[in-house]
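K.L.:
Pasting a structure below so you can have a look.
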Amino acid sequence: MSHILISDMAHIVNWITWEYSTLVIYLDYAATAPMRPEIAEKVHQLSLQELGNPSSLHRAGTRARMVLEHARERVADSLGAKVEEILFCSGATEADNLAILGAVNHSDTRQQHLISSQIEHAAVYETVKRQEQLGRGVDWLRVDSEGRVELEHLAELLEKNPLSLVSVMIANNEVGTRQPVSEIGELCRRHGALFHADGVQDPKTARSLIKDGLVDLVCLSGHKLGGLHGGLLYVRQGVAINPQIVGGSQEDGRRAGTSEVCRAESLAMALEMSLAEDARTVVECKSILEGVLERVEGANRLGPEAERADHISSWIFGALAAEPILVALDMKGVCASSGSACSSHSVEPSRVVKAMGYDDRQAAGLVRFSFGWKSDTKETERAATIVKDVVERLVNKEKSRR
Amino acid sequence: MTRVVVAMSGGVDSSVAAALMKQQGHEVIGVTMTLSPNEESSAHKGRGCCSVWDVTDAEKVAWALDIPHYVFNLRDAFEKHVISDFVSEYEKGRTPNPCRRCNQHIKFDHLLERAEALDAEAVVTGHYARISKHPTEGRYMLLRGHDLAKDQSYVLASLTQHQLSKIMMPVGMYGKAEIRRMAEELNLGVAHKKESMDLCFIPDGDTAGFLKDRMKTLTPGPIKDVSGEILGEHDGLGAFTVGQRKGLGIATGKPRYVLELKVADNTLVVGGTGDLERVGMKVDELNWIDPTFAEGLPQGRQASIQYRSTHRGAPGVLKGTPEAIEIDVHFDEPQSALSPGQAAVFYRDDEVVGGGTIASSF
């Protein structure tokens, strides 16, 4: 069947200029962040420098290699890692896949059992699930009502299968809950298990885990921090990884494909800048929003009070579905999101919220607001009022329908 | 300028409907509903998922028209009200019309609710039917589309007065050729898109296969003629429909048609064309778009009755009471292939006065 091509519609000149709202307040940093101008500038300059392929011997290649390796050094330095422990790849999804599959598929890896949880990002969850379908031994950790994996359960499972690879994220992307990763790291250490942690939503904690030697594999993403798309995998020295994308011997033979120089530089800058930033404004924005939403009838914030990512605030508003709220917010210029979206960008019930013990209807009501480097308090105050109005209006409509 | 929500499928008709509304100066919001299940699984079957790419088509049209566009996920409701009904109707030996069910339970109900939440005043669709207000009585009328070959009023007969007051069908006053030409002039890229003939939730058109997957039990049983003589065996009453000729797997020399599906004793009754003819039927699940019409039922009311989407109506008399849950329809001439489960829609000229579901024939 033939489908529509944008290129056939030659008259598209204005790219989405809907007049309904000139105001745009971006509250979806957990999905992606606007690019930092310093990074855009640097990438622009690098792109014009006629850099060669970093694997080439000539001077153009050498220049590219210099940029690439300098970026790797800075990333390693930011995270308290060694240069040979940093591996660049296309993004955090690839890094998660590489961490799990690369480790268990290596003949030197004794840890062949997998332990993970229902609240992981799809990059981990689907990877582990597929391994389970293929017949590998997998255990799923119990999760409490605040979205935290249960340590006692992990201890039990590790007693049974000490030679496991445990994959638990640092901070959950849908509700923000910070996992007890130091304790998980200790447990894994004690049992001889490998520990992989998706650190996309919380690079600061990722850094301290690496510095404390409590983790074996960590992935991070550039675009969530204001850089280009592109990710990295930290592989602790001594942990064996098999390439999952096979070809040339780039990245120490662990990830084939021409190394992306701009992506590496962008990742180094984004990491340096976001690790140096203090979280004060982000936390302030979050509490402004929460102060307003707490007063909305039926509003229920998910996740714990304290052990939660600085930038994520997730809510369920009574029995309201997320979809109409998000659409109404967008019509007013506020960009928020639901936990997960499918390929047709319609809202699906959240697997994470279900794992926390909520029902399907509540899981379809998850609305997530998230902040980042460009958020400001004035804008957030405005957004909070808009959110409150939209939700109250929808609640009233729902009531009048009954 | 009023704000309207247009249900966009990515096809020609709803795309032009959106364009027409925009031209008329309305503030237009495009919406695409995702209904079919199996989005994930189909990606691995080597054929692209129809629903994702149709959503993308709809969104591209919205970009071209410079209107906002959102996707509404109505999969759960669709599964509950349309797909499971589709399967259970077949299990009961009836022939469901899922498009009608979808219009009845999903499209308009949910869309109107969502539209209201967005402060929109109307829902617009690309159906070939017309809605207008009666000049003196003030009620809303549902009329056949101007292009009788494309008319879709048959699947819309469950609409209520309240729903009709909030729905617009701008395409209904044009012919298909005109709509295609408009799409071409508007440069929407959809003008030559093929029309979908299959059910949206069975994109490969294999209804029997779909039912086999979904049905709990498919038990082989006898095929008999009207006298009770066994002519062969069927492999499950599953997907047979009254009037069906192909796929019976019996050779009797002359054409045989499905007359009846006897679920109780798992028997398929077949016969010749003459045996198919019926003088009347019982109709339930009634909806009266024109309540004044129903008031005349005790005396018997003349109407043209359409009982299949491809049929154009046969004259007959409706008998019952306005409040009855079931009425009798007597045709002026015997009709063949009245399939229980299909819609029966009553017309006064071009106007749909009401409709229901065929319960049985006599």
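First to last, the protein sequences are chains A and B. Take the first sequence: its position 314, counted from the start at 1, is 314 in our numbering, and no numbers get skipped. Each position in the second sequence, counted from 1, maps to that position plus 1000 in our numbering. C-beta: ideal position from N, C-alpha, C; glycine also.
Measure the C-alpha to C-alpha separation of residue 169/A and residue 1358/B and round it to an integer number of angstroms.
P.N.:
Spanning the two alpha carbons is a distance of roughly 57 Å.
K.L.:
Along the chain, where does the beta strand (DSSP E) that runs through residue 1314/B open and close?
P.N.:
Looking at the DSSP string, the run of the beta strand (DSSP E) that includes residue 1314/B is 1314 to 1319.
K.L.:
Please tell me whether residue 202/A and residue 171/A are closer than 9 Å, where the distance is taken between their beta carbons.
P.N.:
Going by C-beta atoms, residue 202/A is nearer than 9 Å to residue 171/A.
K.L.:
Using DSSP bridges, identify the partner residues of residue 58/A.
P.N.:
None; residue 58/A has no bridge partner.
K.L.:
Residues in its own chain within less than 8 Å of residue 277/A by CB, not counting five upstream and five downstream?
P.N.:
Contacts found: 373.
K.L.:
Terminal residues of the continuous alpha helix (DSSP H) containing residue 204/A?
P.N.:
Note, residue 204/A: alpha helix (DSSP H), 203 to 211.
K.L.:
Can you pull out the residues from the stretch 345 to 358 of chain A whose beta carbon lies closer than 8 Å to at least one beta carbon of chain B?
P.N.:
Listed in sequence order: 345, 346, 347 and 348.
K.L.:
Counting only Cβ pairs nearer than 7 Å, list the residues of chain A close to residue 1070/B.
P.N.:
Per Cβ cutoff of 7 Å: 327.
K.L.:
Kindly say whether residue 1083/B, judged by its beta-carbon, lies nearer than 9 Å to any beta-carbon of chain A.
P.N.:
Chain A, which has no Cβ nearer than 9 Å to the Cβ of residue 1083/B, makes this no.
K.L.:
Got a sec: is the Cβ-Cβ distance from residue 1006/B to anything in chain A below 9 Å?
P.N.:
Judged by the 9 Å Cβ criterion, residue 1006/B is not in contact with chain A.
K.L.:
List, from N- to C-terminal side, the beta strand (DSSP E) runs of 3 residues or more that fit wholly inside the stretch 329 to 379 of chain A.
P.N.:
Counting whole runs of 3 or more residues, the stretch 329 to 379 of chain A contains the beta strand (DSSP E) stretches 367 to 370.
K.L.:
Taking residue 1222/B as the reference, give the member of 1014/B, 1267/B and 1084/B with the closest Cα.
P.N.:
The shortest C-alpha separation from residue 1222/B is found at 1267/B.
K.L.:
Which residues in the same chain have their Cβ closer than 7 Å to the Cβ of residue 1263/B, if we skip the five residues on either side of it in sequence?
P.N.:
If we look at residue 1263/B and ignore the five residues flanking it on each side, its Cβ neighbours are 1092, 1093 and 1237.
K.L.:
For a contact meaning CB atoms closer than 9 Å, what does residue 1190/B contact in chain A?
P.N.:
4, listed in chain order.
K.L.:
Taking any Cβ of chain A, which residues in the stretch 1087 to 1111 of chain B have a Cβ under 9 Å from it, in chain order?
P.N.:
Against chain A - using a Cβ distance shorter than 9 Å - the stretch 1087 to 1111 of chain B contributes no residues.
K.L.:
Does the beta carbon of residue 360/A come closer than 9 Å to any beta carbon on chain B?
P.N.:
So yes, residue 360/A belongs to the interface.
K.L.:
Can you give me the Cβ contacts of residue 194/A inside the same chain, cut-off strictly under 8 Å, excluding the 5 residues immediately before and after it?
P.N.:
Closer than 8 Å at the Cβ level, and outside the excluded window around residue 194/A, lie 103, 109, 111, 164, 165, 166, 188, 216, 217 and 239.
K.L.:
Should residue 66/A be labelled buried (16 or more other beta-carbon atoms within 10 Å of its own) or exposed?
P.N.:
The residue is exposed, with fewer than 16 neighbouring Cβ atoms inside 10 Å.
K.L.:
Can you tell me where the alpha helix (DSSP H) with residue 1182/B in it begins and where it stops?
P.N.:
Per DSSP, residue 1182/B belongs to the alpha helix (DSSP H) from 1176 to 1185.
K.L.:
Identify, in the order they occur along the chain, each residue of the same chain with its Cβ nearer than 8 Å to the Cβ of residue 409/A, setting aside the five sequence neighbours on each side.
P.N.:
Nothing can be reported for residue 409/A: it is not among the residues displayed for chain A, which extend from 1 to 402.
K.L.:
Please name the residue, chosen from 237/A, 361/A, 85/A and 101/A, that lies closest to residue 318/A on a Cα-to-Cα basis.
P.N.:
Measuring from the Cα of residue 318/A, the nearest candidate turns out to be 361/A.
K.L.:
Please work out which residues of its chain come closer than 7 Å, Cβ to Cβ, to residue 375/A, disregarding the five sequence neighbours upstream and downstream, and give them in chain order.
P.N.:
Cβ within range, chain order: 281, 282 and 285.
K.L.:
Based on Cα-Cα distance, which residue from 1015/B, 1104/B, 1245/B and 1027/B lies nearest to residue 1002/B?
P.N.:
Of the candidates 1015/B, 1104/B, 1245/B and 1027/B, the one whose C-alpha sits nearest the C-alpha of residue 1002/B is 1027/B.
K.L.:
What's the C-alpha gap between residue 1281/B and residue 1300/B?
P.N.:
Those two C-alpha atoms are separated by around 14 Å.
K.L.:
Could you list the residues in the stretch 1114 to 1143 of chain B with a C-beta less than 7 Å from some C-beta on chain A, going in chain order?
P.N.:
Going along the stretch 1114 to 1143 of chain B in chain order, one finds 1114, 1116, 1117 and 1118 with a Cβ nearer than 7 Å to chain A.
K.L.:
Interface residues of chain A around residue 1061/B at Cβ under 7 Å?
P.N.:
Those are 4, listed as they occur along chain A.
K.L.:
With distances taken between CB atoms, is the gap from residue 347/A to residue 1287/B smaller than 9 Å?
P.N.:
No, the pair does not count as a contact, with Cβ atoms beyond the cut-off.
K.L.:
Using three-state DSSP, classify residue 273/A as helix, strand or coil.
P.N.:
Residue state, collapsed to three classes: helix.
K.L.:
How would you list, in chain order, the residues of chain B whose beta-carbon sits under 7 Å from the beta-carbon of residue 129/A?
P.N.:
Chain B residues near residue 129/A: none, gap ~12 Å exceeds 7 Å.
K.L.:
Show which residues of chain A have a CB atom less than 8 Å away from the CB atom of residue 1198/B.
P.N.:
Result: empty, since nearest Cβ-Cβ is about 11 Å, beyond 8 Å.
K.L.:
Give a yes or no on whether the C-beta atoms belonging to residue 141/A and residue 107/A are separated by under 9 Å.
P.N.:
Contact flag unset, no.
K.L.:
Please name the residue in 1297/B, 1351/B, 1347/B and 1349/B whose C-alpha comes closest to that of residue 1328/B.
P.N.:
Ranking the options by Cα distance to residue 1328/B, first place goes to 1297/B.
K.L.:
By the criterion of Cβ-Cβ separation under 7 Å, what are the contact partners of residue 439/A in chain B?
P.N.:
Because chain A spans 1 through 402 in this model, residue 439/A falls outside it and cannot be assessed.
K.L.:
Along the chain, where does the alpha helix (DSSP H) containing residue 1098/B start, and where does it finish?
P.N.:
Taken as a continuous stretch (DSSP letters only), the alpha helix (DSSP H) holding residue 1098/B covers 1098 to 1102.
K.L.:
Going by DSSP in three states, residue 1027/B sits in which element: helix, strand or coil?
P.N.:
Residue 1027/B: strand per DSSP, three-state reduction.
K.L.:
What separation, rounded to the nearest whole angstrom, lies between the Cα atoms of residue 1198/B and residue 1096/B?
P.N.:
Spanning the two alpha carbons is a distance of roughly 14 Å.
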